[in-house]
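Trainee: Numbering (the numbering used here), first residue to last: 377 to 608.
Glycine included, every Cβ here is placed at the ideal spot set by N, Cα and C.
1) Based on Cα-Cα distance, which residue from 461, 407, 591 lies nearest to residue 538?
2) May I ask you to verify whether the segment 446 to 461 touches the segment 550 to 567, counting CB pairs closer than 8 Å and requiring at least 3?
3) Starting from residue 385, trace the alpha helix (DSSP H) in both directions and tell me its first and last residue.
4) Since residue 466 and residue 453 are thought to touch, with beta carbons under 8 Å apart, how far apart are those beta carbons, to the nearest angstrom?
5) Going by DSSP, what residue range makes up the beta strand (DSSP E) through residue 520?
6) Give me the Cβ distance between residue 546 and residue 414, rounded to the nearest whole Å; I'm assuming they're in contact under 8 Å.
7) Whose C-alpha, out of 377, 382, 603, is nearest the C-alpha of residue 492?
8) Check whether the Cβ atoms of residue 570 and residue 507 sit closer than 9 Å, and answer yes or no.
9) Kindly indicate which three-state DSSP category residue 573 falls into: helix, strand or coil?
10) I'd like to confirm the pairing. Which residues does DSSP put opposite residue 595 in its beta bridges?
11) Under the rule that 16 or more other beta-carbon atoms within 10 Å means buried, what is residue 484, buried or exposed?
12) Any chance you could list the alpha helix (DSSP H) runs of at least 4 consecutive residues sitting entirely within the segment 434 to 468, in chain order?
13) Under a Cβ-count criterion, where at least 16 other Cβ atoms within 10 Å of its own Cβ denotes burial, should residue 430 be classed as buried or exposed?
14) Could you check which residue in 509, 390, 422, 481 has the C-alpha nearest to that of residue 460?
15) Bridge partners of residue 581, per DSSP?
16) Since residue 529 and residue 562 should fall inside the 8 Å C-beta cutoff, what is the C-beta to C-beta distance between them, to a whole number of angstroms?
17) Helix, strand or coil: how does DSSP classify residue 567 here?
18) Is residue 500 helix, strand or coil when you go by DSSP?
19) DSSP three-state label for residue 505, please.
20) May I ask you to report which of helix, strand or coil DSSP gives residue 397?
21) According to the neighbour-count rule (16 or more other Cβ atoms, all chains shown, within 10 Å of its Cβ), is residue 481 buried or exposed?
See below:
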C-alpha cells in the first residue's frame with residue numbers, strides 16, 4: 377500500500393514525493409486501525425516507471441473525466457493505492473493531503489510551495505517539478521494512551537524546546553494546546569516527530585533519539601516505523 381499525492385489546477389498535475397503510512401496502532405502492524413502512526417519518504421515501493429503508470433492510467437484520466445463533467449478539480453489530490461506485481465489499484469481518493477504522510481514529505485521539500493498554490497488558484501500551474509532533498513525522512517506519531525479509543529487530555533509535554541532550531545528534526549503539532557504557558561495534550565494523535573538523514577537506518581535512529589527526549593504522561597508510539605524500508 378502506498379500514498380500517491382500531488383497538486384493540480386484541473387489539467388496539470390505535479391506529483392509530490394512518495395510516502396508510506398503505518399495505519400495500525402501497534403508494532404508489526406497489529407492492533408486497531410488509526411489515522412496513521414508514522415510515515416517515511418521516499419516510499420521505495422513505487423519506482424519512477426510505476427509512478428508514470430499511475431499518472432497516465434489513473435490521475436490524468438480522472439482529471440479529464442472531471443473536466444468533461446464540468447467539475448474540474450483544483451487542489452491537492454491523494455490517491456491511496458495498492459501495488460500488485462507493479463500494477464496500481466485504487467483503494468481511495470481524498471481531496472486533501474494525508475496525515476502523517478505529508479509531514480515526512482514536507483521535510484524533504486526544497487522548493488517554495490507558494491508559487492504552486494498560486495498556480496492552482498489562478499489555473500495556470502506550471503509543469504515545473506518540485507525539488508526534493510535526497511535524504512530519507514521518517515515521521516513517528518506520539519499518541520495519547522488509549523488512542524484510537526478514549527484517552528485523557530491536559531498532559532503537559534516537555535522536551536519540545538530541544539529541537540526548535542534543528543533543520544533535520546521537526547516536531548509537527550496535532551493534538552496540543554497552550555494552557556497557561558504550557559503545551560499540553562488535547563487529542564489522540566499529539567505530535568509527529570520527523571527526522572532527515574542520509575539513509576533509512578540513520579533517519580530511524582535520529583527520529584527515535586528525538587522521540588525519547590519528548591515526554592508526556594501516557595505517551596505511546598510504534599517502535600518499528602520505517603523498518604520495512606530497510607528490507608526493500
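Mentor: In brief:
1) 591
2) In the pairwise beta carbon analysis, the segment 446 to 461 is classified as not touching the segment 550 to 567: fewer than three pairs are separated by under 8 Å.
3) From DSSP, residue 385 is part of no alpha helix (DSSP H); its letter is neither H nor E.
4) Not confirmed; about 12 Å, so no contact.
5) 512 to 520
6) Contact flag wrong, Cβ pair sits at about 14 Å.
7) 382
8) no
9) strand
10) 520
11) buried
12) 436 to 444
13) Buried is the call here.
14) 422
15) In the DSSP output, where bridge partners are listed per residue, residue 581 has none listed.
16) 5 Å
17) strand
18) coil
19) The three-state secondary structure of residue 505, taken from DSSP, is coil.
20) strand
21) buried
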